[in-house]
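In our numbering, the protein residues as written are 1 to 731. Heads up, the beta-carbon is just placed ideally off N, CA and C, and yes, glycines get one too. Here is the structure we will look at, set down as structure tokens.
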Amino acid sequence: MSAATTDQFRYVSYLWDDATAERLSPAERLVYRSNCLGADQRITNTGGGNTSSKLVELDPLTGEDVDVLWVKGSGGDLRTSKLDNFASLTMTKLMGLQQVYADQPERGPKTSAEDVMVGYFPHCTFALNPRASSIDTPLHGFLPARHVDHMHPNSVIAIAASRASQRLTSEIFGGEIGWVPWLRPGFELGLLMQREVEANPQLKGLVMSQHGLINWADDDKECYELTLSLIDRAAEYIESKDRGADTFGGQKYKSLEAQRRDDLLVELLPWLRGKVSQQARFIGTVQSDDAILRFVNSHDAARLAELGTSCPDHFLRTKIKPLYVDWNPQQEESAALREKLAAGLVKYRQDYRDYYERCKHANSPAMRDPNPTVILIPGVGLIAWGKNKSESRVTAEFYNCAVEVMRGAEAMDEYIALPQQEAFDIEYWLLEEAKLKRMPPEKELARSIVVVVGAGSGIGKVIAHRVASEGAHVVCADLNREAAEATAQELVKKYGQGIGVAGTGISGCGPAIGVGVDITSRQSIGELLRQTILAYGGIDNLVVTAGVFLPPSRDGRVSDDAWKLTFEVNVRGSYNVADEANKVFVEQGLSGSIVMTTSVNGMVAKKGSLAYDTSKAAANHLVRELAIELAPLVRVNAIAPATVVEGSTMFPRDRVLASLTKYNVAFQENESDDELRGKLANFYAQRTLTKQPITPSDQAEAAYFLLSSKSSKTTGQIICVDGGLHEAFQR
Ligand SMILES: [Zn+2]
Numbered sequence: 001m002s003a004a005t006t007d008q009f010r011y012v013s014y015l016w017d018d019a020t021a022e023r024l025s026p027a028e029r030l031v032y033r034s035n036c037l038g039a040d041q042r043i044t045n046t047g048g049g050n051t052s053s054k055l056v057e058l059d060p061l062t063g064e065d066v067d068v069l070w071v072k073g074s075g076g077d078l079r080t081s082k083l084d085n086f087a088s089l090t091m092t093k094l095m096g097l098q099q100v101y102a103d104q105p106e107r108g109p110k111t112s113a114e115d116v117m118v119g120y121f122p123h124c125t126f127a128l129n130p131r132a133s134s135i136d137t138p139l140h141g142f143l144p145a146r147h148v149d150h151m152h153p154n155s156v157i158a159i160a161a162s163r164a165s166q167r168l169t170s171e172i173f174g175g176e177i178g179w180v181p182w183l184r185p186g187f188e189l190g191l192l193m194q195r196e197v198e199a200n201p202q203l204k205g206l207v208m209s210q211h212g213l214i215n216w217a218d219d220d221k222e223c224y225e226l227t228l229s230l231i232d233r234a235a236e237y238i239e240s241k242d243r244g245a246d247t248f249g250g251q252k253y254k255s256l257e258a259q260r261r262d263d264l265l266v267e268l269l270p271w272l273r274g275k276v277s278q279q280a281r282f283i284g285t286v287q288s289d290d291a292i293l294r295f296v297n298s299h300d301a302a303r304l305a306e307l308g309t310s311c312p313d314h315f316l317r318t319k320i321k322p323l324y325v326d327w328n329p330q331q332e333e334s335a336a337l338r339e340k341l342a343a344g345l346v347k348y349r350q351d352y353r354d355y356y357e358r359c360k361h362a363n364s365p366a367m368r369d370p371n372p373t374v375i376l377i378p379g380v381g382l383i384a385w386g387k388n389k390s391e392s393r394v395t396a397e398f399y400n401c402a403v404e405v406m407r408g409a410e411a412m413d414e415y416i417a418l419p420q421q422e423a424f425d426i427e428y429w430l431l432e433e434a435k436l437k438r439m440p441p442e443k444e445l446a447r448s449i450v451v452v453v454g455a456g457s458g459i460g461k462v463i464a465h466r467v468a469s470e471g472a473h474v475v476c477a478d479l480n481r482e483a484a485e486a487t488a489q490e491l492v493k494k495y496g497q498g499i500g501v502a503g504t505g506i507s508g509c510g511p512a513i514g515v516g517v518d519i520t521s522r523q524s525i526g527e528l529l530r531q532t533i534l535a536y537g538g539i540d541n542l543v544v545t546a547g548v549f550l551p552p553s554r555d556g557r558v559s560d561d562a563w564k565l566t567f568e569v570n571v572r573g574s575y576n577v578a579d580e581a582n583k584v585f586v587e588q589g590l591s592g593s594i595v596m597t598t599s600v601n602g603m604v605a606k607k608g609s610l611a612y613d614t615s616k617a618a619a620n621h622l623v624r625e626l627a628i629e630l631a632p633l634v635r636v637n638a639i640a641p642a643t644v645v646e647g648s649t650m651f652p653r654d655r656v657l658a659s660l661t662k663y664n665v666a667f668q669e670n671e672s673d674d675e676l677r678g679k680l681a682n683f684y685a686q687r688t689l690t691k692q693p694i695t696p697s698d699q700a701e702a703a704y705f706l707l708s709s710k711s712s713k714t715t716g717q718i719i720c721v722d723g724g725l726h727e728a729f730q731r
């Protein structure tokens, strides 16, 4: 196909570039083709679909040419796949497995023989490739063509999930594309496809009922272009049948105006998060763009939502169905929505239990969390829940795919869902269970949202990094908004945005956000919590490291203004944040933890920092008072650092020079800030019992301990991280 024909595709992006492809080895071309396909969400969903090439490779043992199937293995996304995401299997061995399967005592769809065959795939591995084969391997291996693409395009799933799926397939694609009924991926499906092609050698692809598309060619570029043209043709057909304003039966409700919608979400989300997080905490993603609103506001939304999603990839994340709440945004108040959500959740969980009881087998794994992962509210949009931000975003993406599928199917014909027993047999498939069990254990702060006030520099910044390394979502807050955003950017760079960011209309934030805050203003704190709730759905932990130290004037006096600001920030500011955050904790009804940063100066009376030391003494007692006030839901503790010079904004060059002079430590005027700070830190170290400089990392470790479940029975305590100052011993 020449460059001129690349714009013949109206509904997919043509990305193949001959000059690029020609520079690549055959295996690299497979990676390239996969990346081109995965880059367009209209072609396949995040993490969905797979590709393969049968290539001639040199056997490292015999030196002979062998036919090898390179096929995308388990895990990873086509868009970002590299060669090591592909499994490689010797074709003669893989085809030989058909005899092994034929010899199984009991065989057929969903028998244990199918699962047994998965255990044989590693025996077919070519050249010690450690990548595990996926259950789709037989589909690729048993089809005779050299190159095979299996995609989950919304437009083709719309055909696959229509009542008249088979008729539509031949009407749209003619005789080149066949049709196979729904069958769970595996050995039987591979054999079924092989038989279809043997009987109909003219076929170039198959629509897989309730699932997706598979097509092939002996040339890789031809295979890519065929995939695009089939998806494009399906999309074009759907558009020709589009119902316009009557889509989903037309609009029943109107969307709320953005400000009112966000006010409602901020009020509702923490409560809702608490309700769905009774078994395990969830992180939320809100989507309120026009596409999802057209669905949730429609007459048919209730009926279609109840049918559930179709493609297995979709419902593994979205669950068998979403929770749709029939609330009238134009006439009903938020209290009515809350009541309807509460009742809806009770019914949803009961429906899930019934589904489990109705469909389970003797050897099925125990019932999983019965709470919905997708909640649909007219006028508002979609709320998705997942174990982390990345997962909740992908859950939202997949329900969007389901909406597109329903739109297409209902435009052409009538949408039908996968039978519940089939859905159950995928959801509770023992192989899926084994996959879940193989996942590494979750980190200590996984599923949690930590707000760090003062994250722009010093101890706060190091704490933000420390809790992120334990899997937390971190809201980096600071009086200096740019500094807060810079810390958030560092975290996003380090841990990645996660998957599914490309989804349109879905909040793109990753594992951290940066927000400016002035803790002396309740309004500013309210805005911080608002952004936290809209980004993640709630809050689990709060760390306050913000503080001011205003040195007295030369004659040792502290001005009234200095007294006022010191107490405003160090005492009342800390209280304000804790008090406002506590309102969210109470709405959620989930346990939380607050860590303040006070100072050993609050325990040792000395000269030269009168206002600061007094404020920190008050802050120490604030911790104890709050521990009593907020118990039993929220624990309140503090770290009390001493003389952390490294990275601290409280030690500008002037103060360091003044201190070095005061303590008679020798220095040169031309020494760098870091050198001077090092000298001062070493001087301070000599005054401690452990004789070591005290760093922000030491503070972060103590703060992390107080946030974590490791300290779940400790509240109202202040841990000095001061190198050991006997004057500051608490008694
Ligand atoms: Zn698939």
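Residue i (DSSP reduced to helix, strand or coil)
i      : result
Phe567 : helix
Cys720 : strand
Pro378 : coil
Leu630 : helix
Glu414 : coil
Pro641 : strand
Gly503 : Any reading at Gly503 is ruled out, since the residue's pLDDT is 44, under 50, leaving its predicted position unreliable.
Cys124 : helix
Ala4   : Here the model assigns Ala4 a pLDDT of 43, short of 50, so the residue's position is not dependable, and the following value carries that caveat. Reduced to three states, the DSSP call for Ala4 is helix.
Ala19  : helix
Arg205 : At residue 205 the sequence reads Gly, which differs from the Arg that was named. Here Gly205 sits in strand by DSSP.
Gly514 : strand
Val31  : helix
Trp182 : coil
Thr661 : helix
Ile426 : helix
Residue i: CB within 8 Å of a non-hydrogen atom of ligand 1
i      : result
Cys311 : yes
Asp77  : no
Pro185 : yes
His152 : yes
Gly96  : no
Asp149 : no
Gln103 : According to the sequence displayed, residue 103 carries Asp and not Gln. No, the Cβ of Asp103 stays beyond 8 Å of every heavy atom of ligand 1.
Asp136 : yes
Gly175 : no
Gly48  : yes
Gly212 : yes
Met193 : no
Met208 : yes
Candidates the options: closest to residue i by CA position
i      : options                        : result
His361 : Ser457, Val665, Val266, Ile426 : Ile426
Ile177 : Ala164, Ile214, Arg146, Arg184 : Ile214
Leu550 : Leu534, Thr614, Val604, Arg530 : Thr614
Leu228 : Gly205, Gly250, Phe248         : Gly205
Thr736 : Val623, Lys679, Arg635, Pro329 : Here the chain covers residues 1 to 731 and nothing more, so residue 736 does not appear.
Leu272 : Val586, Glu196, Pro419         : Val586
Nearest-angstrom Cβ-Cβ length linking residue i and residue j, presumed shorter than 8 Å
i      : j      : result
Gly51  : Ser34  : It is Thr, not Gly, that sits at residue 51 in the sequence shown. Confirmed, Cβ separation roughly 5 Å.
Val517 : Asp579 : The pair is not a contact, with the Cβ atoms about 14 Å apart (cut-off 8 Å).
Asp722 : Ala640 : 7 Å
Val548 : Leu565 : 6 Å
Phe315 : Trp385 : Incorrect: roughly 15 Å between the Cβ atoms, too far for contact.
Val148 : Ser81  : Wrong, their Cβ atoms sit about 15 Å apart, outside the cutoff.
Tyr355 : Leu323 : 14 Å between Cβ atoms; not a contact.
What are the start and end residues of each continuous beta strand (DSSP E) run of 3 or more residues lying completely inside the stretch 592-639, in chain order?
592-597
Scan the stretch 324-412 and note each continuous alpha helix (DSSP H) run of 4 residues or more that stays entirely inside, going in chain order.
334-359, 389-412
Can you check the stretch 192-261 for any beta strand (DSSP E) of at least 3 residues that lies completely inside it and give the ranges in chain order?
205-208, 212-217
Only counting runs of 3 or more residues, tell me where the beta strand (DSSP E) segments fall wholly within the stretch 435-459, in order along the chain.
449-453
Pick out the complete beta strand (DSSP E) segments inside the stretch 79-124, 3 residues or longer, and give them in chain order.
86-90
Beta strand (DSSP E) segments (min. 3 residues) lying fully within the stretch 39-78:
50-58, 65-72
Please specify which runs of the beta strand (DSSP E), each continuous and at least 3 residues long, are wholly inside the stretch 271-311, giving them in chain order.
283-287
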